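Colleague: This is the structure, below, for whatever I ask next.
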Amino acid sequence: MDKEIIEKASRIKLLILDVDGVMTDGSIILDNEGNELKRFHVRDGHGIKMLGKAGIETAIITGRESKVVELRANELGIKDVYQKIFVKSEVYEKLRRKYNCEDDNIAFMGDDVVDRELFKRAGLTAAPADAEESVKEWADIVSVRKGGRGAVREFVDIILKATGRWDKVSGESLG
22 MDKEIIEKAS RIKLLILDVD GVMTDGSIIL DNEGNELKRF HVRDGHGIKM LGKAGIETAI
82 ITGRESKVVE LRANELGIKD VYQKIFVKSE VYEKLRRKYN CEDDNIAFMG DDVVDRELFK
142 RAGLTAAPAD AEESVKEWAD IVSVRKGGRG AVREFVDIIL KATGRWDKVS GESLG
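Dropping the structure here:
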């Protein structure tokens, strides 16, 4: 791992995630009754729970609104869920103040051009392997894994190892 990435990752106190294309594969499935379905990867969820055990908060900022996102966030203990947000930088600033963070203490993972402002601000940034090509250029890290297929977990593992918390939380049962 690049020394600069390890240094940036060691300062992280808050992880902000987009949903579609990051926590999911970006597919939107609608059934005949208009219910929206999304597919989340269990190891991404386990990584988010490990972050929480390590004292690092996770927040969600997404442009779409879905009950499924609320349900998944609740399962993972994510308290800060902002949906139908079109100017993500406003919520980013609110979270920065809430958690008393500098930009250097915030990690962000996104996958599309609407995330540009957060890529410019956050101290450590990542994009899934299948993110838009221009977005990959903005990211400190481009994961090997795709969105909704373990990309979040890959990013979380880097943060946990760099902060020295990996050994403590990786062996614990998270229920």
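The numbering used here numbers the first residue of the sequence shown as 22 and each following residue consecutively.
Cβ coordinates follow ideal geometry from the N, Cα and C atoms, glycine included.
These numbers come from a predicted model, not from an experiment.
(1) For Thr45, which option in Ala148, Ser191 and Val156 has the closest C-alpha, if you only look at C-alpha atoms?
(2) Mapping the DSSP letters down to three states, classify Gly196 as helix, strand or coil.
(3) To which residues does DSSP link Ile50 through a beta bridge?
(4) Below 8 angstroms CB to CB, which residues in the same chain sit around Asp133 once its five sequence neighbours on both sides are set aside?
(5) If I follow the unbroken alpha helix (DSSP H) through Asp188, where does it start and stop?
(6) Distance check for Arg170 and Ile37, CA to CA, integer angstroms please.
(7) For Ala160, which residues of its own chain have a beta-carbon under 7 angstroms away from its beta-carbon, when the five flanking residues on both sides are left out?
(8) My output table needs one value for Met130: the three-state DSSP class, helix, strand or coil.
(9) Among Glu114, Glu91 and Gly98, which has the Cα closest to the Cα of Gln104?
(10) Tell me the rounded alpha-carbon separation between Ile106 and Val165.
(11) If you count every other CB in all the chains shown that lies within 10 Å of the CB of Arg174, and 16 or more means buried, which is it?
(12) Reducing DSSP to helix, strand and coil, say where Glu91 ends up.
(13) Find out if the Cβ-Cβ distance for the pair Ser202, Lys59 is shorter than 8 angstroms.
(14) In the structure shown, what three-state DSSP assignment does Glu153 receive?
(15) What are the boundary residues of the beta strand (DSSP E) that includes Tyr103?
(16) When we look at the beta-carbon of Lys63 and count the other beta-carbons within 10 Å, is it buried (16 or more) or exposed?
(17) Taking Phe129 as the reference, which of Gly55, Gly73, Tyr120 and Ala80 has the closest Cα?
Modeller: With the given structure in hand:
(1) Within the sequence shown, the letter at position 24 stands for residue 45. The option with the nearest alpha carbon to Thr45 is Ala148.
(2) Residue 196 sits at position 175 when you count from the first residue of the sequence shown. Residue confidence is low: Gly196 scores 48 on pLDDT, short of 50, so the model does not pin down where it sits. Its coordinate-derived value is still stated next. The answer is coil: DSSP assigns Gly196 none of H, G, I, E or B.
(3) Taking the first residue of the sequence shown as 1, we reach residue 50 at position 29. Bridge partners of Ile50: Leu58.
(4) Against the sequence shown, residue 133 aligns to sequence position 112. If we look at Asp133 and ignore the five residues flanking it on each side, its Cβ neighbours are Asp39, Gly42, Ala152, Glu153 and Val156.
(5) Position 167 of the sequence shown holds residue 188. That run of the alpha helix (DSSP H) goes Trp187 to Ser191.
(6) Locating residue 37 in the sequence shown gives position 16, where the first residue counts as 1. Locating residue 170 in the sequence shown gives position 149, where the first residue counts as 1. Taking the straight line from one Cα to the other gives about 18 angstroms.
(7) Position 139 of the sequence shown, counted from the first residue, corresponds to residue 160. Within the same chain, Ala160 has close Cβ partners Phe140, Thr146, Ala147 and Ala148.
(8) The residue you call residue 130 lines up with position 109 of the sequence shown. Looking at Met130 - three-state DSSP - the assignment turns out to be strand.
(9) As a working mapping, residue 104 is identified with position 83 in the sequence shown. Nearest C-alpha to Gln104: Glu91.
(10) Position 85 of the sequence shown, counting from 1, holds the residue named residue 106. Position 144 of the sequence shown, counting from 1, holds the residue named residue 165. Going by the C-alpha atoms only, they are around 28 angstroms apart.
(11) Counted from its first residue, the sequence shown places residue 174 at position 153. Looking at its Cβ environment, which holds 16 or more other Cβ atoms inside 10 Å, Arg174 is buried.
(12) By 1-based counting over the sequence shown, the position of residue 91 is 70. Glu91: helix per DSSP, three-state reduction.
(13) Since the first residue shown for the chain is 22 and the last is 196, residue 202 is missing from the structure and cannot be characterised.
(14) As a first step, residue 153 must be located in the sequence shown, where it is residue number 132. Of the three classes helix, strand and coil, the one that applies to Glu153 here is coil, per DSSP.
(15) In the sequence shown, the residue the question calls residue 103 occupies position 82. Its beta strand (DSSP E) spans residues Asp101 to Tyr103.
(16) Translated into positions along the sequence shown, residue 63 becomes position 42. For the record, residue 63 in the displayed sequence is Val; it is not Lys. Classification for Val63: exposed.
(17) Mapped onto the sequence shown, residue 129 falls at position 108. The residue with the shortest Cα to Cα distance from Phe129 is Ala80.
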